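**Student:** Heads up: the protein sequence lines correspond to chains G and X, in order. The working numbering puts the first sequence at residues 2 to 366. The working numbering puts the second sequence at residues 2 to 366.
Protein chains: 2
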Amino acid sequence: MTQRVYNFSPGPAVLPEPVLAEVQRDLMALPGVGASILEISHRSSTFENIIQQAESNLRQLLSIPDDYAVLMLQGGGRLQFSMIPMNLVGEGRRTCDYIVTGSWSKYAAQEAPKFGETRIVWDGKSNNYNRLPEPSELRLDPKAAYVYYASNETIQGVQFASEPQVGNVPLVCDASSDFLSRPVDVRKYGIYYACAQKNAGPAGLTLLVIRKDLLQRSRESLPGYLNFQIHAEAQSLWNTAPTFPIYVFMLVTKWLITDIGGLDKMEALNRSKAKLLYDVIDQSNGYYTGHAKPDCRSMMNVSFRLPSDELTNKFVQGAEERGMTDLRGHRSVGGIRASIYNAMPVEGVEELRDFMIEFRNQNAK
Amino acid sequence: MTQRVYNFSPGPAVLPEPVLAEVQRDLMALPGVGASILEISHRSSTFENIIQQAESNLRQLLSIPDDYAVLMLQGGGRLQFSMIPMNLVGEGRRTCDYIVTGSWSKYAAQEAPKFGETRIVWDGKSNNYNRLPEPSELRLDPKAAYVYYASNETIQGVQFASEPQVGNVPLVCDASSDFLSRPVDVRKYGIYYACAQKNAGPAGLTLLVIRKDLLQRSRESLPGYLNFQIHAEAQSLWNTAPTFPIYVFMLVTKWLITDIGGLDKMEALNRSKAKLLYDVIDQSNGYYTGHAKPDCRSMMNVSFRLPSDELTNKFVQGAEERGMTDLRGHRSVGGIRASIYNAMPVEGVEELRDFMIEFRNQNAK
Numbered sequence: 002m003t004q005r006v007y008n009f010s011p012g013p014a015v016l017p018e019p020v021l022a023e024v025q026r027d028l029m030a031l032p033g034v035g036a037s038i039l040e041i042s043h044r045s046s047t048f049e050n051i052i053q054q055a056e057s058n059l060r061q062l063l064s065i066p067d068d069y070a071v072l073m074l075q076g077g078g079r080l081q082f083s084m085i086p087m088n089l090v091g092e093g094r095r096t097c098d099y100i101v102t103g104s105w106s107k108y109a110a111q112e113a114p115k116f117g118e119t120r121i122v123w124d125g126k127s128n129n130y131n132r133l134p135e136p137s138e139l140r141l142d143p144k145a146a147y148v149y150y151a152s153n154e155t156i157q158g159v160q161f162a163s164e165p166q167v168g169n170v171p172l173v174c175d176a177s178s179d180f181l182s183r184p185v186d187v188r189k190y191g192i193y194y195a196c197a198q199k200n201a202g203p204a205g206l207t208l209l210v211i212r213k214d215l216l217q218r219s220r221e222s223l224p225g226y227l228n229f230q231i232h233a234e235a236q237s238l239w240n241t242a243p244t245f246p247i248y249v250f251m252l253v254t255k256w257l258i259t260d261i262g263g264l265d266k267m268e269a270l271n272r273s274k275a276k277l278l279y280d281v282i283d284q285s286n287g288y289y290t291g292h293a294k295p296d297c298r299s300m301m302n303v304s305f306r307l308p309s310d311e312l313t314n315k316f317v318q319g320a321e322e323r324g325m326t327d328l329r330g331h332r333s334v335g336g337i338r339a340s341i342y343n344a345m346p347v348e349g350v351e352e353l354r355d356f357m358i359e360f361r362n363q364n365a366k
Numbered sequence: 002m003t004q005r006v007y008n009f010s011p012g013p014a015v016l017p018e019p020v021l022a023e024v025q026r027d028l029m030a031l032p033g034v035g036a037s038i039l040e041i042s043h044r045s046s047t048f049e050n051i052i053q054q055a056e057s058n059l060r061q062l063l064s065i066p067d068d069y070a071v072l073m074l075q076g077g078g079r080l081q082f083s084m085i086p087m088n089l090v091g092e093g094r095r096t097c098d099y100i101v102t103g104s105w106s107k108y109a110a111q112e113a114p115k116f117g118e119t120r121i122v123w124d125g126k127s128n129n130y131n132r133l134p135e136p137s138e139l140r141l142d143p144k145a146a147y148v149y150y151a152s153n154e155t156i157q158g159v160q161f162a163s164e165p166q167v168g169n170v171p172l173v174c175d176a177s178s179d180f181l182s183r184p185v186d187v188r189k190y191g192i193y194y195a196c197a198q199k200n201a202g203p204a205g206l207t208l209l210v211i212r213k214d215l216l217q218r219s220r221e222s223l224p225g226y227l228n229f230q231i232h233a234e235a236q237s238l239w240n241t242a243p244t245f246p247i248y249v250f251m252l253v254t255k256w257l258i259t260d261i262g263g264l265d266k267m268e269a270l271n272r273s274k275a276k277l278l279y280d281v282i283d284q285s286n287g288y289y290t291g292h293a294k295p296d297c298r299s300m301m302n303v304s305f306r307l308p309s310d311e312l313t314n315k316f317v318q319g320a321e322e323r324g325m326t327d328l329r330g331h332r333s334v335g336g337i338r339a340s341i342y343n344a345m346p347v348e349g350v351e352e353l354r355d356f357m358i359e360f361r362n363q364n365a366k
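And the structure:
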């Protein structure tokens, strides 16, 4: 048995062990095919079955209605930061409204002005992005092309408990770091999208759930690969799809359905995992301080600080010695960030909890 | 031992077995890391070593000078069809010259007019793309932003023996289907690029070798992900890189250096493999007819026809029964296409040769 660490990386991130085991088992040749998933054509019947199964699994998990298309693209969240305004703003040059709650929604908002008039309708910068807007704080344009937000900010560890209210304006959500971590009503969204490398697969795949009427906004003058309608019409096979990440995504969604039992069960597990760590923070008499305000806490990325940089370094090193890696927080927030996505086992979180308690006992004055 | 077929797919395509074996061996956890290549951060020192090794291997194989940057991007050839004109045309609105020798250069030329005045300086359509231009047939614009061509056309099976002469205009080459199959002098190119999924790795990775002075043409107003300069400055880590395809690409280039012995040796092997099949065609008394004119024949994609569609179907079926798959030609050309990239073992080509001889003996009247 291969020695594996508990990997708290924010992304690319831990994957379910049964998924990795199946990838490994069939790596030289898929059963009955005689060639590796890395070697087969994206137009082969074998791969067509895989991509159809992946979409079918996703539709089942999120109860996606027929008037929504599913796209599987390359280019990550960064390419979506451009594709979304390029496709949605249209000729009418309507405004784009951005709710900025952390690094990733900020980066998205910085890209949009190249393609349309962009309004930052809320910005958590003055609080170092430790909280989310109250509904009364949002001044939305009812004629905007769309309202954009990130459901979970990976770096700051703040997460919306529910969608912002945006009326009839299409809501666009970057769900990269809490995708498939809980049930979501996709009918509330114009576009619900996520890169795969946090909760859904390896790097190199972006999943989009898009309301079909919005596809009509895509102009023919767009760069071909950046045109949502082209990809929708070709069912994500306009060009060579990222076959391997789609295969792993199919296995991850199968794991969610079969091994976990769906997103309600996944959410309950994620809540219990996050509670283990937040309880230690809250019961630490201020030794550990959480970055996010309690009502905005992320179930996926638990960001907290220790009393000093020296202790932070000692914590990171001590954790590594116990086989817990990638716990250092992003430089813009500092401290520790434990990313505990779907595939992080409870045992890994318990191990971290125990270490946090022990570390405080040994190091608090 | 897993039963593997001889896979003649045009792409994604066969990979070297030692590469697949190493991927499989370390799939659950990279040695000394304790996490899978699918799970580690693109900013981890482990992955930084992998991407640096991949670039270093590529620089060694192609003798890439320091005034060329190497980029590793997502989006495939299709995204390059847009990125290249968007970055190279610049404010001056100079023309783009395209040499159209088959399907892929045609698709590229169809995208360019969105971004600049496009001239088709040669088009092999009237010959159904079975030959390449003579130097005297090319009427190039000496002030063009660039001249674009594809060194090998995957569908038609025509391959340039050497670069077209373009003077001081930057030459842009789509080398997707003959990348790393033979030595190339990259100093003759402005941009030399290839998607990985034919000769260099799995789908989801595109390699670009780009002369650094051309990066200055990239305007700030470009969509961020489509800006060559941004990726060059960030050494392909501006966003989450496609970590797994880069890892496999690193292993493939290592295999080329260590197991094969470099691109001179690879070319000799490829020539001998292609000769096995073309000799059968030429000695078949017209039973098999090659698509490409003999002096334009591809060493990578051997396209030929049988006397009838019925016999073609029988050939494909008979080959499959002997464990040789993906031999059916593209619908635009018909017949048979045997893609015999770097990783196709000589034994696979010999098996196909033997079958071609036997099939003719049994079916020729």
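The beta-carbon is built from N, C-alpha and C at its ideal position, and this holds for glycine as well. Keep in mind that this is a model prediction, so the values were computed, not measured.
Would A195/G count as contacting chain X if we go by Cβ distances under 8 Å?
**Tutor:** No - not a single Cβ of chain X is within 8 Å of the one on A195/G.
**Student:** Output the distance between the C-alpha atoms of A242/X and Q198/G, rounded to the nearest integer angstrom.
**Tutor:** Approximately 10 Å between the Cα atoms of the pair.
**Student:** Give the list of continuous beta strand (DSSP E) stretches no shorter than 3 residues that lie fully inside the stretch 162-216 of chain G.
**Tutor:** With a minimum length of 3 residues, the continuous beta strand (DSSP E) runs that stay inside the stretch 162-216 of chain G are 172-175, 192-196, 207-212.
**Student:** Using a C-beta to C-beta distance shorter than 9 Å, which residues of chain G count as neighbours of D327/X?
**Tutor:** Correct list: A36, I41, S42, S45.
**Student:** Alpha carbon to alpha carbon, how far is F116/X from D296/G?
**Tutor:** Taking the straight line joining both Cα atoms gives about 48 Å.
**Student:** Helix, strand or coil: which one does DSSP assign to L74/X?
**Tutor:** Note: L74/X maps to strand in three-state DSSP.
**Student:** Since I believe I247/X is in contact with A55/X (beta carbons under 8 Å), could you give me their beta-carbon distance rounded to a whole number of angstroms?
**Tutor:** Confirmed, about 6 Å.
**Student:** Can you find the residues in the same chain that come closer than 7 Å, C-beta to C-beta, to G225/X, ignoring five residues on each side of it along the sequence?
**Tutor:** I231.
**Student:** By DSSP, does T259/X sit in helix, in strand, or in coil?
**Tutor:** In the structure shown, T259/X sits in a helix (DSSP, three-state: H, G or I).
**Student:** With a threshold of 8 Å between beta carbons, is Y226/X in contact with chain G?
**Tutor:** Yes, Y226/X counts as interfacial toward chain G.
**Student:** Looking only at its chain, what residues have a beta carbon closer than 7 Å to the beta carbon of D142/G, apart from the 5 residues adjacent to it on each side?
**Tutor:** Closer than 7 Å at the Cβ level, and outside the excluded window around D142/G, lie T96, D98, R120.
**Student:** Just list the alpha helix (DSSP H) runs in the stretch 243-290 of chain G, keeping only unbroken ones of 4 residues or longer that don't cross its boundaries, in chain order.
**Tutor:** 244-256, 264-283, all fully within the stretch 243-290 of chain G.
**Student:** By the three-class DSSP mapping on this structure, what secondary structure does Q160/G have?
**Tutor:** If DSSP states are grouped into helix, strand and coil, Q160/G belongs with the strands.
**Student:** Three or more C-beta pairs under 8 Å: does that hold for the stretch 296-311 of chain X against the stretch 274-284 of chain X?
**Tutor:** Contact holds: three or more Cβ-Cβ distances are below 8 Å.
**Student:** Please list the terminal residues of the continuous beta strand (DSSP E) segment that includes Y99/X.
**Tutor:** That run of the beta strand (DSSP E) goes 97-101.
**Student:** Closer than 7 Å by beta-carbon distance: list the chain X residues that pair up with P243/G, in chain order.
**Tutor:** Near P243/G (Cβ distances below 7 Å), the residues of chain X are A204, G205.
**Student:** Please determine, among L216/G, A204/G, R60/G, A109/G, the residue with the shortest C-alpha to C-alpha distance to V187/G.
**Tutor:** Closest by alpha carbon: R60/G.
**Student:** What's the gap between the Cα of M2/X and the Cα of I156/X?
**Tutor:** With a pLDDT of 48 at M2/X, under the threshold of 50, the modelled position of this residue cannot be trusted; read the value that follows with caution. Looking at the two C-alpha atoms, the distance is approximately 33 Å.
**Student:** Could you spell out the range, first to last residue, of the beta strand (DSSP E) harbouring Y130/X?
**Tutor:** Premise fails: Y130/X is in no beta strand (DSSP E) and is neither H nor E.
**Student:** Using 8 Å as the limit for Cβ to Cβ distance, is S83/G near chain X?
**Tutor:** Chain X contact via Cβ: present.
**Student:** Check this for me: beta carbons of Y147/X and I100/X, under 8 Å apart or not?
**Tutor:** Against a cut-off of 8 Å, the Cβ pair of I100/X and Y147/X comes out as no contact.
**Student:** Is E164/X near K144/X, with beta carbons less than 8 Å apart?
**Tutor:** No, the Cβ-Cβ distance between E164/X and K144/X is not below 8 Å.
**Student:** Going by C-alpha to C-alpha distance, which of Y193/X, A109/X, R140/X sits closest to T207/X?
**Tutor:** Ranking Y193/X, A109/X, R140/X by Cα distance to T207/X puts Y193/X first.
**Student:** By the three-class DSSP mapping on this structure, what secondary structure does I337/X have?
**Tutor:** Note: I337/X maps to strand in three-state DSSP.
**Student:** Under three-state DSSP, which class holds E154/X?
**Tutor:** Three-state DSSP puts E154/X in a strand.
**Student:** Can you tell me the Cα-Cα spacing of P11/X and G158/G, whole angstroms?
**Tutor:** Spanning the two alpha carbons is a distance of roughly 44 Å.
**Student:** What does the alpha-carbon distance come out to for the pair R26/X and P19/X?
**Tutor:** Distance between the alpha carbons of R26/X and P19/X is about 10 Å.
**Student:** How big is the Cα-Cα spacing for K266/G and N153/G?
**Tutor:** Answer to the nearest angstrom: the Cα atoms are 19 Å apart.
**Student:** Rounded to a whole number of angstroms, what is the C-alpha to C-alpha distance between E234/X and Y289/X?
**Tutor:** Using only the alpha carbons, I get a separation of about 51 Å.
**Student:** Could you give the distance in angstroms between the alpha-carbon of V24/X and the alpha-carbon of V24/G?
**Tutor:** Whole-angstrom Cα-Cα distance: 10 Å.
**Student:** From the DSSP output, read off the bridge partner residues of S304/G.
**Tutor:** In DSSP, S304/G forms a bridge with R338/G.
**Student:** Is the CB of G76/G under 8 Å away from at least one CB in chain X?
**Tutor:** By this cut-off, G76/G is an interface position.
**Student:** Check each residue of the stretch 315-341 of chain G: if its Cβ is closer than 9 Å to any Cβ of chain X, include it; give the result in chain order.
**Tutor:** From the stretch 315-341 of chain G, only G324, T326, D327 have a Cβ closer than 9 Å to chain X.
**Student:** Does P17/G come within less than 8 Å of chain X when only Cβ atoms are used?
**Tutor:** No, because no Cβ of chain X sits closer than 8 Å to the Cβ of P17/G.
**Student:** For chain X, check one thing: does any of its Cβ atoms lie closer than 8 Å to the Cβ of V249/G?
**Tutor:** For V249/G, the answer is yes, since a Cβ of chain X falls inside 8 Å of its Cβ.
**Student:** Does any residue of chain X bring its CB to less than 8 Å from the CB of Q157/G?
**Tutor:** False, the Cβ-Cβ gap to chain X never drops below 8 Å.
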